[in-house]
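Structure first, then comments.
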Amino acid sequence: KKYKNTTITKSTVDILYSFAKCSKLDLIFGLNALLRKRGLQWDSSNAQLLLDYCASQHYNMSWELGNEPNSFRKKSGIYIDGSQLGQDFIHLYHLLRNYSSFKNSKLYGPDVGQPRKNTQKLLKSFLKSGGKVIDSVTWHHYYVNGRHATREDFLSPEVLETFITAVKDVLQIVDGTVPGKKVWLGETSSAYGGGAPRLSNTYVAGFMWLDKLGLSARMGIDVVMRQVFYGAGTYHLVDANFEPLPDYWLSLLYKKLVGTKVLKVGLKGADPKKLRVYLHCTNNHNPMYKEGDVTLFLLNLYNVTKHVQLPHNLYNKHIDEYLLLPHGEQHILSRSVQLNGHVLRMVDNKTLPALTKKPLSPGSTLGLPAFSYGFYVIKNAKAIACI
Amino acid sequence: STLEDRDFWESQVNQGICGVRSIPTAVEELLLSQWPIQEKILLKEQYW
């Protein structure tokens, strides 16, 4: 429990901010909640140095305070209960209001870990005391322990279903304390502790990632923050040599094709836990598609090819297929993917490849090979909710 | 500011916030050489 200081320089903050802005990302900065006064209230003097500087640069950013407070005691020997942390957030909220640059800044928290017993208690007391000042409730989720995870875990419908229970637990606590408050995933991935070696950075990780995106949207979690874009461990989207990994390509396709409106969808003739189906309005910023189009995405956890037939009202529609399959002899443990038969890799250091669709004629069945996933844009569907 | 800050960032500012000038090789090599050690520390802490 010994800690040494580290210094974040103004230039480092400048570099971080410019990276976010140039990548069209919104920066949320997590402040250190473990700096305490004698009476255990949060000591905000260090944070004010950073707030002063960012305000002087007119940086437009949001804020958090603390990370996984449920394990503060284990990690640092300092125990902060939910009620005290809530008051610290109120303190930070009023501090932010002192800066004209941060009058409208958002505040998120408490970034608790998975909703187990003591974490649920902490979250409840935090929301009771500080819930009114946060814009969204943030929590963290991982399916498995990176050191013990197996290939079977990554292909298990039962493991994927555990996420539903975790979401329901969190939504229930929020509903009972700050009803209507938005709930976001502030940090999430496949396996904790840096990921599962030779699994989290391969094609097979896509089942957890794509299913989490589908379930989160369906259950009302509007923002999912991936651990990590680039960094330590194997659950990164981009490796140490800046090579995109399968989950990067999956995320790119998702952003290009999937809109934010979630539609109801059903399945007949197979186990929906093994053939997992999601349906959204198509991303209406995609110039290739128009209002009313819908995007279906499917995950096949059967060890055989599944042929999916669309319902009659969609029978005469043209469909664009985006089938992602592993590339290379390692199959689903490969770190490279092919889209409709074309291997996806950067054209050069800065240029992404084209994401080439495969048009299917009306009435086609959607053939999904064993252990695979893909997207299907159904054109001219004229879905009322998407117009 | 750190060595990288000075060598890279302060010269970068006049490029405008998204001016894409590649990072000096010396700085990139320094950062990449530090990364394996950094990654070990991060992973140990994350797992802990």
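Chains as they are written, first to last, in this note's numbering: chain A, 667 to 1053; chain B, 4 to 51. Glycine residues also receive a C-beta, built at the ideal position from the N, C-alpha and C atoms.
Taking 8 Å as the CB threshold, Thr971(A) stays off the interface with chain B.
Less than 8 Å divides the Cβ of Ser1002(A) from the Cβ of Val1009(A). Taking C-alpha positions only, Glu31(B) is separated from Thr843(A) by approximately 49 Å.
The beta carbon of Val803(A) is closer than 6 Å to those of Val840, Lys847 and Val849 in its chain, skipping five residues each way along the sequence. For Phe1041(A), DSSP records a beta bridge to Phe963(A) and Tyr988(A). Against chain B, the CB of Ala898(A) has a partner CB under 8 Å away; the residue lies at that interface.
No Cβ of chain B is located within less than 8 Å of the beta carbon of Gly705(A).
Look at Ala857(A) here: in three-state DSSP terms it is strand.
Residues of the segment 839–860 of chain A whose Cβ lies closer than 9 Å to any Cβ of chain B, in chain order: Tyr858, Gly859 and Gly860. The way I'd put it, the segment 1024–1044 of chain A doesn't touch the segment 882–897 of chain A; fewer than three beta-carbon pairs between them come closer than 8 Å. DSSP places His806(A) in the uninterrupted beta strand (DSSP E) bounded by Ser802 to Asn811. When the Cα atoms are used, Thr961(A) and Asp888(A) turn out to be separated by approximately 18 Å. Considering only beta carbons, the part of the segment 32–45 of chain B lying closer than 9 Å to chain A consists of Leu35, Trp38, Pro39, Gln41, Glu42, Lys43, Ile44 and Leu45, in chain order. Per DSSP, reduced to three states, the secondary structure at Gly925(A) is strand. Looking at Phe755(A), Ala883(A), Met885(A) and Thr868(A), the one whose alpha-carbon comes closest to that of Leu903(A) is Thr868(A).
Using a CB distance cut-off of 8 Å, Ala906(A) counts as an interface residue toward chain B. Per the coordinates, the alpha-carbon of Leu701(A) lies some 25 Å from the alpha-carbon of Gln723(A). The residue from Leu911(A), Asp877(A), Ser767(A) and Asp680(A) with its alpha-carbon nearest to that of Ser728(A) is Ser767(A). In the DSSP annotation of this structure, the continuous segment of the alpha helix (DSSP H) that includes Val679(A) starts and ends at Lys676 to Cys688. Separation of Thr816(A) and Ser856(A) (C-alpha to C-alpha, rounded to the nearest whole angstrom) is 11 Å.
Separation of Val974(A) and Thr1031(A) (C-alpha to C-alpha, rounded to the nearest whole angstrom) is 5 Å. In chain order, Pro781 place their CB closer than 6 Å to the CB of Asp835(A), counting only its own chain and leaving out the 5 sequence neighbours on each side. Counting along the chain, the unbroken beta strand (DSSP E) around Gly775(A) starts and ends at Leu773 to Val778. DSSP places Lys790(A) outside any beta strand (DSSP E); the residue lies instead in the alpha helix (DSSP H), whose first and last residues are Lys783 to Gly796. Taking Leu697(A) as the centre and dropping the five residues before and after it, the same chain places the C-beta of Ala713 and Leu731 closer than 6 Å to its C-beta, in chain order.
Boundaries of the alpha helix (DSSP H) harbouring Phe738(A): Phe738 to Ser742, taken from the DSSP string. Boundaries around Arg817(A) are those of the alpha helix (DSSP H), Arg817 to Phe820, since no beta strand (DSSP E) includes it. When rounded, the separation of the alpha-carbon atoms in Gln1004(A) and Leu716(A) is 44 Å. Just so you know, the alpha carbons of Met874(A) and Asn764(A) end up roughly 42 Å apart. Ala1036(A) and Ile746(A) have their alpha carbons spaced roughly 48 Å apart.
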